[in-house]
Structure formats: C-alpha cells, structure tokens
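First the structure, in the form of structure tokens, and then the observations on it.
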Amino acid sequence: MQDDSSSENVSRLPTSSPIKLYLVQAKLDAQEISELFSLVDRLRDPDGASRLKLCQTAGEADIVVTTVRMRKRLERHIPWDLAKDKAIVTPEWLRNSVKQHTVLPCGDYAALRELKENTVDNCPDSDDNSREDSSSSGKFLTSTQSTELAKAHYTSRYACLRPCPMECPNQQLVQQLGIIRCSRELEGKDTSALSYERAISVLKSYPYPLTPSKLTEVSKLPGIGEKILSKITEYINEGNIKESQAIAGSSRYQSLCAFTTVYGIGASSARKLYDSFGLRTIGDLTEHYNSLPPPASRHDGNGRILTPAPTLSIKDALALRADLNETIPRTEVDMMHSVVVAELEKIRPGCLNTIVGGYRRGKVESNDVDIVITHPALSSGSNQVMGLCETLVNRLYKRGLVTHVMHLSGFHPPDALRTSNWDTLEKALTVFILPPVSGSRRIHRRLDLIFAAPETYWTAVTGWTGSKMFERDLRLWAKERGMKFDSSGITRRRDSKQYFPHSEEDVFAILGLECIAPTLRNADA
C-alpha cells in the first residue's frame with residue numbers, strides 16, 4: 000500500500016485542476032452556445048486559474064450540460080450507460096455558478112429526474128464542501144490512516160458494511176418488497192424505488208427471522224421508514240403483502256416486466272410502448288419492431304474501438320430473447336471463461352483475469368458473464384492492455400464466438416482526476432455463443448469484457464463484483480471521506496492523489512473498510 004510520501008506509483012495534480020464540462024448543443028441556438036462557452040472561461044480562482052474546462056466528448060467530462068430533459072432525446076447524443084456515470088445538469092447550473100463565483104452542487108440542477116441520484120453521486124466537489132486547504136487535511140482518509148477499519152455489521156448505514164448473503168432468513172419478504180421496488184422503477188418513480196432498494200439491502204443483512212418481537216429493533220435500522228415498516232408488519236401478521244400480490248397480478252406490470260427483458264428497452268420506453276402504442280405482449284412488440292426501418296448501426300461514439308461485429312438491435316434482441324433470458328449455470332460460465340482465456344492467450348500471453356459479477360458473489364446461475372482482464376507486468380502492462388479489447392472482440396467474432404456487440408468503449412485520455420495513462424476502462428458488452436458440440440444446441444449468452452490498466456485492476460474487480468446497492472454505498476462512503484471510488488480507480492479528491500491497490504483487501508483498507516467477502520456483497524433483492 001502506498002504511503003503519502005511515496006512517488007513510485009502515484010502522480011499528483013494541483014488542487015485547482017479544472018472540472019471538465021461537455022455541452023450538448025441540441026436545442027440551443029448559436030447565441031446560447033456562445034454564451035455558455037464564454038461562461039466556462041469566466042469562472043476562475045483568485046490566482047486566475049480556470050475552474051472549468053470544456054472537453055470534446057461526454058466520456059471525458061465530469062459534468063454534462065444540456066437543456067434536454069427526456070431520456071429518449073438525451074440518448075441521441077449520449078449512451079444511457081455513460082449518462083448514468085456523469086452529473087447531467089441544466090445550463091442554469093453554469094450560469095448560477097458563474098454568478099455566485101463558486102462551483103455549485105449539481106443536485107438542484109439535475110436535467111433529468113431519473114438521473115438526479117446519479118447526478119448527486121457523480122457531481123465533482125463543489126466549493127461548499129471540498130475545496131479545503133491543507134490545514135483540514137486530517138479529515139481526509141489516507142492509506143496510512145486506515146489502520147482503524149470500520150467494522151461490518153447489519154446495523155450499519157452503508158450497504159458496503161453490511162454482510163448480505165445470496166439468500167437471507169427473510170428472503171420471501173425481500174422478494175415481495177422487490178416486486179414493489181420493481182414496479183416503482185418501471186413506473187418512473189425513482190425516489191420511491193430507491194427507498195425500497197435501500198430497505199431491501201438492510202433486510203438482506205438482517206441475520207434473524209422476523210417475528211413480532213423483532214419489529215422494534217427493525218424499526219430502528221437505517222432505511223426502514225414508517226411506510227416500509229407497515230409492509231413488514233403486514234407480512235409478519237398475514238404472511239404476504241397485498242400490494243405486492245396486486246402488482247404481481249397486474250397485466251400492466253407483467254407487460255412492462257416482459258418488455259424490459261429485451262435488451263435496449265428500458266422502463267421509459269416500455270411505458271411508451273404500453274401507453275402510446277397499446278402493446279401488451281412480446282408478440283405485439285415483435286410485430287411493432289418488424290414494421291420499423293432498421294436503425295443505423297452504431298458503436299459507442301465516444302470510444303475508438305472498431306469491429307465488424309453487428310450492433311445488437313432491438314429486433315435482434317427480440318429474436319434472441321429466449322436465449323438471453325435463460326440463466327447460465329456455473330459450469331457453462333466456466334466453459335465460456337476457458338474459451339475466452341484460450342483465445343486471449345493466443346494474442347497476448349500472460350494476462351491476468353477474474354470472473355466477477357453474480358458468479359463471484361456465489362450465484363448458482365447468472366444472467367450474464369463479466370470478466371475483468373489486465374496484464375500483470377506493471378512496467379509494460381498498460382501498453383499490453385491498450386487496444387486488447389478491440390483485438391480480442393474481433394478475434395472472437397471471426398471465430399463465430401461473438402455474434403453481436405451492444406457497447407464498445409476505449410480508454411479515454413487523462414483528465415483532472417485521473418493521472419495514469421487512462422481514466423477509465425475498455426469495455427465490450429457482447430453476445431457470445433460457445434463452439435458447437437454434436438447433439439447439443441448452444442445458447443446465446445451475454446458476455447461483458449472489461450479491460451483495466453494493471454494499476455487499477457483490483458479496483459475494477461471490486462467495482463464489478465458487488466451488487467448495485469453495495470457499489471452505490473461504496474462510492475458514497477468514499478465520497479463522504481474525501482475520496483473518489485469507482486471501478487476505474489481510487490483518487491483522493493483534495494489533491495487528486497491516486498491509490499493503486501495490490502489486492503482487493505487493499506481496496507477496502509485504503510477506504511478504511513473491513514473487507515467483506517464477495518459472497519456477502521448481495522445487497523439487492
């Protein structure tokens with residue numbers, strides 16, 4: 000683990016490194032674009048250093064500024080998966096920041112309601128809470144201050160400190176609350192959905208079967224408000240939750256659930272297909288998309304990876320729906336992994352890799368397969384990994400193993416918070432099929448390949464292992480302690496110092512956390 004005084008693997012940037020902005024120019028006229036560009040240059044430190052900087056792509060940006068307020072329109076300019084990793088704000092954030100001569104928090108200026116939580120989580124430090132001088136450095140966590148690790152316990156506020164098994168003593172209750180959570184998400188009620196998601200993650204870690212005598216204790220757990228407590232009480236007394244049963248039996252809920260099992264159709268699109276087009280079944284959906292002209296093929300506009308593999312269109316996803324929705328047994332995950340690693344070894348010997356996701360958390364059957372890959376030689380590893388994603392995907396496609404690609408992205412140039420060769424990961428989200436075997440039908444599977452620079456390999460493994468709620472709270476824990484954590488690295492916010500862990504235990508120790516086993520990071524329903 001790196002000491003503050005060590006410079007071998009740590010680069011530094013000035014504390015005044017500018018925040019990168021990307022402006023979506025759609026729905027803006029030339030005068031507005033010119034105004035916003037000029038505002039970026041006007042926000043400066045007392046010494047004249049720029050606080051903000053324009054960048055060329057959304058992938059490079061810390062904050063995306065847009066007047067677009069609807070997901071469908073935003074997706075014309077930025078992939079949704081990328082948008083969820085950014086702070087997406089209206090131009091008023093920029094105007095008011097300049098007017099008040101300070102970098103304002105992003106949450107009140109979120110451009111899309113469904114991305115408000117993401118915008119809050121991904122917002123770079125505002126002047127209000129994070130531009131401390133060196134005299135306040137003691138409040139920031141460093142690797143040398145991590146000897147006192149926060150202990151895991153089911154009463155913790157943070158999911159990253161609550162051990163959650165795959166199945167808990169109250170699994171049936173969790174599943175019924177999960178139906179309500181899913182319904183809220185499908186109906187666009189994101190705040191309510193998140194409340195249920197947090198409560199579920201707390202109940203997943205509660206180690207005792209719930210009885211009337213336990214209600215007082217449960218009512219004091221974080222995330223358990225009056226409304227959710229009433230659902231828990233109803234379940235204990237009646238053996239079920241009426242709202243959950245009503246939702247599960249609803250034809251609307253069943254249709255929206257079915258529609259969102261098709262890759263490329265999210266909750267918003269599903270509601271539109273149901274409400275505006277009157278579609279009710281997968282058959283209706285197939286007929287609808289068969290009547291539309293084929294979409295223009297595109298791979299992630301922010302990446303630099305080229306492949307002849309076709310993009311997975313919604314029409315393709317419908318045709319493959321039965322295959323892609325069939326869960327993958329662990330034995331088949333192992334077979335897929337072996338095939339991929341064998342091909343990888345032929346083009347770049349000596350790579351290090353780990354199967355992550357639900358498989359690593361102990362799932363008997365997975366929805367997809369996620370593999371994190373790097374090259375272990377720290378001196379030359381980065382050069383070995385660069386471009387490997389494109390080479391491997393194209394080789395797998397030529398071998399008939401990859402049939403479609405959903406998303407491709409390459410390493411981005413460094414930005415203000417990332418001082419190594421790249422600030423992110425290379426990713427390929429693909430459809431994969433094992434080589435044919437006589438007398439056995441092969442099934443199309445989701446395969447995600449994540450390529451990390453060697454110094455960020457263990458943060459990538461950690462970031463791709465935990466469930467959604469576990470990872471969300473891991474980021475929140477880090478942010479509240481002056482750190483930035485995601486699957487592409489750990490950075491101290493006040494001076495952009497990077498930490499390069501040499502194991503997963505190091506990742507948790509740097510953040511001041513007791514390391515929770517992968518099989519206990521199942522904080523979702």
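In numbering that gives the first Met the number 0, the protein residues as written are 0 to 524. All residues carry an ideal CB built from backbone N, CA and C; glycine is no exception.
Residue(s) in a DSSP beta bridge with residue i
i: residue 528; result: This structure cannot speak to residue 528, because the chain is shown only from 0 to 524.
i: residue 21; result: 63
i: residue 370; result: 354 and 448
i: residue 327; result: 365
i: residue 408; result: 426
i: residue 203; result: Answer is none; residue 203 lacks a bridge partner.
i: residue 439; result: 436
i: residue 43; result: 49
i: residue 403; result: 430
i: residue 512; result: 149
i: residue 589; result: Past the edges of the chain, shown from 0 to 524, lies residue 589, and the structure says nothing about it.
i: residue 483; result: 490
i: residue 163; result: 520
i: residue 86; result: 62
Classification of residue i by the beta-carbon crowding that lies within 10 angstroms, buried from 16 upward
i: residue 59; result: buried
i: residue 522; result: buried
i: residue 96; result: buried
i: residue 128; result: Any reading at residue 128 is ruled out, since the residue's pLDDT is 39, under 50, leaving its predicted position unreliable.
i: residue 365; result: buried
i: residue 356; result: buried
i: residue 152; result: exposed
i: residue 47; result: exposed
i: residue 305; result: exposed
i: residue 137; result: The predicted model places residue 137 with a pLDDT of 30, which falls under 50 and marks its position as unreliable, so this point remains unresolved.
i: residue 274; result: exposed
i: residue 524; result: buried
i: residue 216; result: exposed
i: residue 173; result: buried
i: residue 389; result: buried
i: residue 210; result: exposed
8 Å contact criterion, which residue i and residue j should meet: CB distance rounded
i: residue 449; j: residue 327; result: Not quite, the Cβ-Cβ distance comes to about 17 Å (not below 8 Å), so this is no contact.
i: residue 90; j: residue 35; result: 6 Å
i: residue 441; j: residue 432; result: 5 Å
i: residue 184; j: residue 266; result: 6 Å
i: residue 456; j: residue 351; result: 7 Å
i: residue 447; j: residue 369; result: 5 Å
i: residue 269; j: residue 255; result: 5 Å
i: residue 189; j: residue 116; result: 7 Å
i: residue 392; j: residue 427; result: 5 Å
i: residue 401; j: residue 310; result: About 12 Å; that fails the 8 Å criterion.
i: residue 218; j: residue 228; result: 5 Å
i: residue 314; j: residue 289; result: 7 Å
i: residue 64; j: residue 22; result: 5 Å
i: residue 80; j: residue 406; result: 7 Å
C-beta contact flag for residue i and residue j at 7 Å
i: residue 62; j: residue 82; result: no
i: residue 165; j: residue 361; result: yes
i: residue 104; j: residue 168; result: no
i: residue 506; j: residue 461; result: yes
i: residue 374; j: residue 453; result: yes
i: residue 39; j: residue 27; result: no
i: residue 424; j: residue 487; result: yes
i: residue 162; j: residue 395; result: no
i: residue 509; j: residue 489; result: yes
i: residue 198; j: residue 223; result: yes
Between the CA atoms of residue j and residue i - distance to the nearest angstrom
i: residue 243; j: residue 195; result: 12 Å
i: residue 312; j: residue 226; result: 41 Å
i: residue 156; j: residue 469; result: 11 Å
i: residue 106; j: residue 253; result: 33 Å
i: residue 50; j: residue 511; result: 30 Å
i: residue 67; j: residue 344; result: 45 Å
i: residue 417; j: residue 495; result: Confidence at residue 417 is low in this model, with a pLDDT of 41, below 50, so its placement is unreliable and no value can be given for it.
i: residue 320; j: residue 483; result: 37 Å
i: residue 526; j: residue 109; result: The question about residue 526 has no answer here: the residues shown for the chain are numbered 0 through 524.
i: residue 19; j: residue 118; result: 15 Å
i: residue 112; j: residue 474; result: 21 Å
i: residue 15; j: residue 476; result: Per-residue confidence for residue 15 stands at a pLDDT of 46, beneath the threshold of 50, marking its modelled position as unreliable; no derived number is given.
i: residue 451; j: residue 240; result: 44 Å
i: residue 99; j: residue 43; result: 12 Å
i: residue 419; j: residue 439; result: Its pLDDT being 38, under 50, residue 419 is placed unreliably by the model, and nothing is read from it.
i: residue 513; j: residue 149; result: 6 Å
i: residue 160; j: residue 435; result: 44 Å
i: residue 263; j: residue 213; result: 43 Å
i: residue 385; j: residue 347; result: 11 Å
i: residue 318; j: residue 376; result: 42 Å
Distance cut-off 6 Å: residue i Cβ against heavy atoms of the ligand ADP
i: residue 86; result: By its list of ligands, the structure shown contains no ligand whatsoever, and the ligand ADP lies outside what it can speak to.
Cβ of residue i within 7 Å of any chain D Cβ
i: residue 510; result: The structure shown has no chain D; it contains just one protein chain.
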